[in-house]
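Contents: one structure, followed by commentary.
4 protein chains.
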Amino acid sequence: MNTENIGFIGLGRMGKSMASNLVKKGFRLMVMDLNPRAVTDLVRLGARASGDVAQLARDCTIVITMLPTSVEVESVALGADGIFANAIAGTVLMDMSTIAPVATDRLQQEAIRHGMSVVDAPVGRLAEHADRAESLFMVGASDADFARVKPLLDAMGSTVYHCGAVGTGGRTKLVNNYVAVTLCQVNAEALALSQRFGLDLASTLKVLLGTSANNGQLRLNFPNKVLAGDTTPGFTIDLAHKDMSLVLAAAHAAKVPMPVAAAVHESFSAARANACGSIDFSGIADVICDLARIERARTPSGWSPD
Amino acid sequence: MNTENIGFIGLGRMGKSMASNLVKKGFRLMVMDLNPRAVTDLVRLGARASGDVAQLARDCTIVITMLPTSVEVESVALGADGIFANAIAGTVLMDMSTIAPVATDRLQQEAIRHGMSVVDAPVGRLAEHADRAESLFMVGASDADFARVKPLLDAMGSTVYHCGAVGTGGRTKLVNNYVAVTLCQVNAEALALSQRFGLDLASTLKVLLGTSANNGQLRLNFPNKVLAGDTTPGFTIDLAHKDMSLVLAAAHAAKVPMPVAAAVHESFSAARANACGSIDFSGIADVICDLARIERARTPSGWSPD
Amino acid sequence: MNTENIGFIGLGRMGKSMASNLVKKGFRLMVMDLNPRAVTDLVRLGARASGDVAQLARDCTIVITMLPTSVEVESVALGADGIFANAIAGTVLMDMSTIAPVATDRLQQEAIRHGMSVVDAPVGRLAEHADRAESLFMVGASDADFARVKPLLDAMGSTVYHCGAVGTGGRTKLVNNYVAVTLCQVNAEALALSQRFGLDLASTLKVLLGTSANNGQLRLNFPNKVLAGDTTPGFTIDLAHKDMSLVLAAAHAAKVPMPVAAAVHESFSAARANACGSIDFSGIADVICDLARIERARTPSGWSPD
Amino acid sequence: MNTENIGFIGLGRMGKSMASNLVKKGFRLMVMDLNPRAVTDLVRLGARASGDVAQLARDCTIVITMLPTSVEVESVALGADGIFANAIAGTVLMDMSTIAPVATDRLQQEAIRHGMSVVDAPVGRLAEHADRAESLFMVGASDADFARVKPLLDAMGSTVYHCGAVGTGGRTKLVNNYVAVTLCQVNAEALALSQRFGLDLASTLKVLLGTSANNGQLRLNFPNKVLAGDTTPGFTIDLAHKDMSLVLAAAHAAKVPMPVAAAVHESFSAARANACGSIDFSGIADVICDLARIERARTPSGWSPD
């Protein structure tokens, strides 16, 4: 039985499910939300209600926030009536909202001044996963704090990644969601082109799902190539650039706007301008890092995706 | 035993491996290339050499071309000394080069005038796959022609997709390579951002490979959502747009140029301008089609990825 | 002689010059800044110093803010110690910082609650123009407020545009700076292409300055064409699209990345997808508005640029 | 009186006007076009008709081509029946079409083999200017050839720029049209933003025409700053980047897609990643050249725009 008192602020679509799972699994929960219905529902499940952040802060040793933006998180964390000013030393604020990483950094600085600490643990997957306690969490926390919050995360989700120190949870989520949203756009542009070409959709999907166009790149190609420091060519940047020229020429002839294809084309053009045309196309990762003076990405030797 | 005489023009890095596999598996092959070494090597394996397109055309009923660009393909297919002018009626030209689909269309028109036909069968995967007869082919052909070339494709590769009529092979390859090259850029931008954020690479990869950011979208999410005509929200376009705002704000603060992220952000902005902010983010596929007056993509009912 | 007491908060590189010009021209000024040197310099010129926003607010009827971001502006305007809580009814806050228009809107709502009002008057041109009282101001204000602040603006600059109600000054500045910064990028891409082409720079400049590529478009072409509702073609969107295809093909062959050219190309592709290829290329303005459900821009009949 | 026989191939919307002006001003003209009406009209004005490129080539010492694409130009210039195979040594082919510069380079190589030469002189301005002999020509030619064709150009237009050797005319036109088409898009995005902001159009135009947003940059700012090697800041890249952040944040809030603004923002981000944030914003020209390994653009000392 966990002996900590848990505060939970923010019982929206996701937060309510997450809080419910905590109560159902035996955690002592004090909840707060502007919406009295959501509070009542949680009270029925066994939580206590609080109408006052300061009171909740005094009563709890772990406070979870699940709020829309950094404005709301800062308004409950900071100030004379806020969590940091009223909780006891050692309290952990676990913010599970998706907010700007710099806001998380500011919270952590303020927490340290009060002898407390912050954990950032934004949520992956959809609301229906939260209902079933199948969420994914990307967690930035010290090892000690991670150990304290881990039982709560296990109660709310099925996959927990400890990404590193405070701030890495939110940053990892941004990298992840950049990829997720962009793939959505890429798929959409590909399907638009396919439709305009008059291709059979089922056939196109079969091909896209059967080749490395499917993001096996990150699992298979990148780790063996650029991330291992090997850019000897399987498929060169020059050939990738040539294929994108054919794609865009065909798209322009067919009147299919493909802004992402065009942006990619220019990036490969920049690589060619920097004399990298003959390396493997995964090497674009090195080129992009070099052009922005970022350290190249390398996996440790022996790394495997599984 | 296949009774057709096969011509093979273009013994480059890929073509030579493909032709070799045909000879080794018992096909009667006549080959041609500007490079005498490659021709000699094939002759040693059992092929006959030809120095003359017209002669090769007269002698073969299926002629394969594997050449750098449409210029070379047209120069061997067209004209008084070309394939169409010299082959017997019923001959099939199977072009396996990656060329502009409009060039394939022009070849097919010319073939029809001579009582012949064209198959476009560009090659997926890498040169090393061609060595091992493990290439993937995307084939545009009539059903009858597909049946004729299928044994050859099976001898040269391990995966053969019949995409539809002539011209669909090359178009499918363009759609596929758009996705493949763009994913490469997306991964590279994501890794650059992750590096600048100071994230641990192994942790980042674990997350990216463990969530739907990995292109499970096209296998799982799209078919059940937008491609089935269902855009009730799991994760809305508005939320995707908000996350991209956070991504770009963090990238700008960290001085990481992300041109593809920026292009995606504007596309989602266009969707919001068209009152589509509250639909599922897979619905961007419909929005893109609508804004370009393209028919929306829909899988037939009962479609499954496997 | 102006009888109002003027407060001036923010004596940075621009603000100090502006405040100095006010004092020199006889306005009664109370100044405030974190930097004591800047305050001392103004006091020497005849201003009074204030160390306290509340005191300054009680003493002045027009308060000017010239601060880095909306955070600083809001911190002096709002709260118990801020301008609105301490100034007398009828006081005008003239914010000359460049901040987000929504922040200006929030300030105005708060001002109204206190019987006060806001003027947004961001500054155009460079610091050296501010030194010489040659700045340009884009002003959002009620007519009455504009009349009150006009003498101050005339003392600090040489060009004053009354753009409309509160909030229009900052919005106009954003539109203007979008154009200014983007033209800078466009010129830079053009010069990079010209250099890679090996063209003589003086010759290229002569041509660029001698044709409508020079932004005579907005003075001459747009008002007579799209802004007058006339999109009969002088130079069609199709031809503009074709020329951009040639530009990008040449740039790609020469390894010159041109991300802006690529984005423009896709926008013209979207216009063609919407059956607008045969209208005048200025008509892209209508297409962009239509695709984003924005009212088309039209000048009143009889409008002239001078 | 000019003693050369002039051939003119291509009597389309522009070509017919240009040819007419030559005949009216006393040049001996032989014309050719697929459209018999256009030929008849020119014959009425005093030209002779030719139905045969070879005959025209034998009869003329300067042959002008004004055709849709490089395909048509090459088909009349090259081959056994073409201009080069049939004209006398010393003949000049003046191509006034807008074609890919590499096609011009190929023509010139072929011309040299026949003891002839090429002039590329694409046309600026609109069809109505061609009617009134007010076209602008960007000419790539040797000095001797330029002297020969100059009288013809003066008869067809009012502004003639000798840009350099063969190939520079077309390349200059591409640079110029990149700027012209892109400014059109930039103006359109600016007007869309202004409309969505609810700004008064006449006021916005007044501001845009009154500040350096109007392309005085290339006439005034660039020559004194980056093109003179001076990037001490008037307005820094960091400030330009910050303003673009405000522009895009406001545009996103207002649901105005601005793909060009987004591309520009990323370019300034790349400059900041390369430690160039504190230089003058015109310095983006140097940054772009450096990142693509292009020689920086510099005007000769003493250069002036007039």
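Residue numbers (UniProt numbering), protein chains in the order written: chain W, 1 to 306; chain S, 1 to 306; chain B, 1 to 306; chain A, 1 to 306.
A virtual CB, placed ideally from N, CA and C, is assigned to each residue, including glycine.
Within chain W, the residues whose beta carbon sits less than 9 Å from that of Arg293(A) are Ala273, Asn274 and Ala275, listed in sequence order. In this structure Thr232(B) is exposed. Its beta-carbon is surrounded by fewer than 16 other beta-carbon atoms within 10 angstroms.
Residues of chain W whose Cβ lies closer than 8 Å to the Cβ of Ala263(B) are, in chain order, Pro259, Ala262 and Ala263. Taking a contact to require three or more Cβ pairs closer than 8 Å, the segment 42-58 of chain B and the segment 95-104 of chain B do not qualify as touching. Per DSSP, the beta bridge partners of His162(S) are Val139(S).
The continuous beta strand (DSSP E) containing Leu93(W) extends over residues Val92 to Asp95. For Thr65(B), the enclosing beta strand (DSSP E) starts and ends at Ile62 to Thr65. At least one C-beta of chain B is nearer than 8 Å to the C-beta of Ala270(S).
Residues of the segment 225-245 of chain B with a Cβ closer than 8 Å to any Cβ of chain W, in chain order: His241 and Ser245.
Counting other Cβ atoms within 10 Å of its Cβ, Ile83(W) reaches 16 or more and is therefore classed as buried.
What Glu266(B) touches in chain W, judged by beta-carbon distance under 7 Å, is Pro257, Met258, Pro259 and Ala262, going in chain order. Leaving aside the five residues that flank Tyr161(B) on each side, the residues in its chain whose CB is nearer than 6 Å to its CB run, in chain order, Met138.
A straight line joining the alpha-carbon of Ser282(W) with that of Pro305(W) spans about 17 Å. In this structure Gly229(S) is exposed. Its beta-carbon is surrounded by fewer than 16 other beta-carbon atoms within 10 angstroms.
Using a Cβ distance threshold of 8 Å, Leu199(W) and Thr172(S) count as a contacting pair.
Taking a 10 Å sphere around the C-beta of Leu218(A), we find 16 or more other C-beta atoms and assign the residue as buried.
Counting C-beta pairs with one atom in each stretch, the segment 247-261 of chain S and the segment 282-294 of chain W have three or more that are closer than 8 Å, which means they touch. Around the beta-carbon of Val71(W), fewer than 16 other beta-carbon atoms lie within 10 Å, marking it exposed.
Under the Cβ criterion (8 Å, minimum of three pairs), the segment 125-132 of chain W does not count as touching the segment 189-209 of chain W.
Cβ proximity to chain B below 7 Å picks out Thr168, Arg171, Thr172, Leu174, Val175, Asn176, Asn177, Tyr178, Val179, Ala180, Val181, Thr182, Leu183, Cys184, Gln185, Val186, Asn187, Ala188, Glu189, Ala190, Leu191, Ala192 and Leu193 from the segment 167-193 of chain A. Among the CB atoms of chain B, one or more fall inside 8 Å of the CB of Lys206(A). Of the other Cβ atoms in all chains shown, fewer than 16 fall within 10 Å of the Cβ of Pro36(S); this residue is therefore exposed.
With its beta carbon at least 8 Å from every one in chain A, Gln109(B) lies outside the interface.
Looking at Val119(A), Arg113(A) and Gly302(A), the one whose alpha-carbon comes closest to that of Arg148(A) is Val119(A). Following the DSSP letters along the chain, one finds Leu29(B) inside the beta strand (DSSP E) bounded by residues Arg28 to Met32. For Gly164(W), same chain residues with a beta-carbon under 7 Å away, outside a window of 5 residues either side, are Gly140 in chain order. Ser278(S) carries a coil assignment under DSSP once its states are collapsed to helix, strand and coil.
Here Arg48(S) carries a strand assignment [DSSP, helix/strand/coil]. Per DSSP, the continuous alpha helix (DSSP H) segment holding Gly170(S) begins and ends at Thr168 to Arg196.
Around the beta carbon of Lys225(W), a 10 Å sphere encloses 16 or more other beta carbons of the protein chains shown; the residue is thus reported as buried.
Membership of Asp131(B) in the alpha helix (DSSP H) is indicated by the continuous run Ala127 to Asp131. For Val207(B), the enclosing alpha helix (DSSP H) has its first and last residue at Leu201 to Gly210. Within chain S, the residues Ser245 and Ser269 have their CB atoms less than 7 Å from the CB of His252(A), given in chain order. Looking only at Ala285(S), Val181(S), Ser50(S) and Ser17(S), the smallest Cα-Cα distance to Leu248(W) is reached by Val181(S). Closest option to Glu4(S), judged by alpha-carbon separation, among Asp33(S), Gly79(S), Gln108(S) and Leu93(S): Leu93(S). As the crow flies, the alpha-carbon of Leu208(B) is around 25 Å from that of Ser17(A).
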